[in-house]
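Let me begin by presenting the structure, written as structure tokens, before commenting on it.
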Amino acid sequence: LFETGRILPKSVNSDFRMDELSEDDRGVYRKLNQLKKKVTEDIEQFKFNTAIAAQMEFMNSYTQVLGESGRGVTPDLQSFVLHEFNIILAPFAPHLSEELYEMLGGKPSIFSSAKWVKYDPGAIEEESATMVVQVNGKVRAKLTVPVNSTDDAVKSSALNDENVKRHLEGKQIVKAIVVPNKIINFVVR
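Okay, structure coming up:
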């Protein structure tokens, strides 16, 4: 809760364009939409603890992005994120949310004028996946590949990794088992 007030901008602006956002900014926008979906579903299912945990997780990752390299996120996206986060926070910390809403220039009350957040389904999906590369069941590398890459593309990327090459040297690949977006395991003899 303290972090929310500490990083609060002085006004709300949602005039940002998705095509102009940096990779970090798109990541923040994606995580915000994932949070909106998660909290909405959790409230509908009366899973309040997991909704609160998701908010804490989001705020921790968001403040980490703000602190990295001193750049943070674009001011327009920052004000949009915090305005949306404040609405998500409102059912769980109403007094604080009301104060933050007023600081953002909202009038008369967050509960009478703000609508519940809606998530952007197109922004929820990750653009890349981290895959574990195993040789005979032992982790040898981690790869970042585009989501839903073909098995051949994943196999090619894995075979180009130096550590994997070293462990495959002089051995015959019997089978390559690929679990999309998660793992590739080379069975060798």
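Mapping to our numbering: the sequence shown position 125 is 113, numbers consecutive. From the three backbone atoms N, C-alpha and C, an ideal C-beta is built for every residue, glycine too. Note that the coordinates shown come from a computational prediction; the quantities given were computed from them, not determined experimentally.
- Among ILE112, GLU90, ARG177, nearest to VAL123 - alpha-carbon criterion: Looking at ILE112, GLU90, ARG177, the one whose alpha-carbon comes closest to that of VAL123 is ARG177.
- What number of angstroms, rounded off, separates the C-alpha of GLU113 from the C-alpha of ASP12? 15 Å
- Message: So for SER(-1), helix, strand or coil by DSSP?
- Response: Confidence at SER(-1) is low in this model, with a pLDDT of 47, below 50, so the placement of that residue is unreliable and no value is reported for it.
- Message: Counting beta carbon pairs with one atom in the stretch 21 to 39 and one in the stretch 105 to 121, are three or more of them shorter than 8 Å?
- Response: Output reads yes: the stretch 21 to 39 touches the stretch 105 to 121.
- Tell me whether VAL74 sits in a helix, a strand or coil according to DSSP, three-state version. Checking the displayed sequence, the identity of residue 74 turns out to be Asn instead of Val. Taken through DSSP and simplified to helix, strand or coil, ASN74 comes out as helix.
- Does DSSP put GLN33 in a helix, a strand or coil? coil
- Item | Where the alpha helix (DSSP H) containing ARG154 begins and where it ends | Taken as a continuous stretch (DSSP letters only), the alpha helix (DSSP H) holding ARG154 covers 150 to 156.
- What residue does the alpha helix (DSSP H) around ILE98 start on, and which one ends it? 98 to 101
- Rounded separation between PRO82 and ASN74 - CA only: Approximately 10 Å, taken between the alpha carbons.
- Item | Euclidean distance between Cα positions of PRO79 and LEU54 | Cα atoms of PRO79 and LEU54: separation of roughly 25 Å, rounded to the nearest angstrom.
- On the three-state DSSP scale, how would you describe VAL142? helix
- Query: With distances taken from CA atoms, which of PHE99, PHE174, THR118, MET47 is nearest VAL152?
  - Reply: Checking every option, the nearest Cα to that of VAL152 belongs to PHE174.
- Spell out a yes or no on whether the stretch 135 to 146 and the stretch 162 to 171 are touching, meaning 3 or more CB-CB pairs, one atom from each, closer than 8 Å. yes
- Length of the line joining the Cα atoms of LYS26 and LEU77: 13 Å
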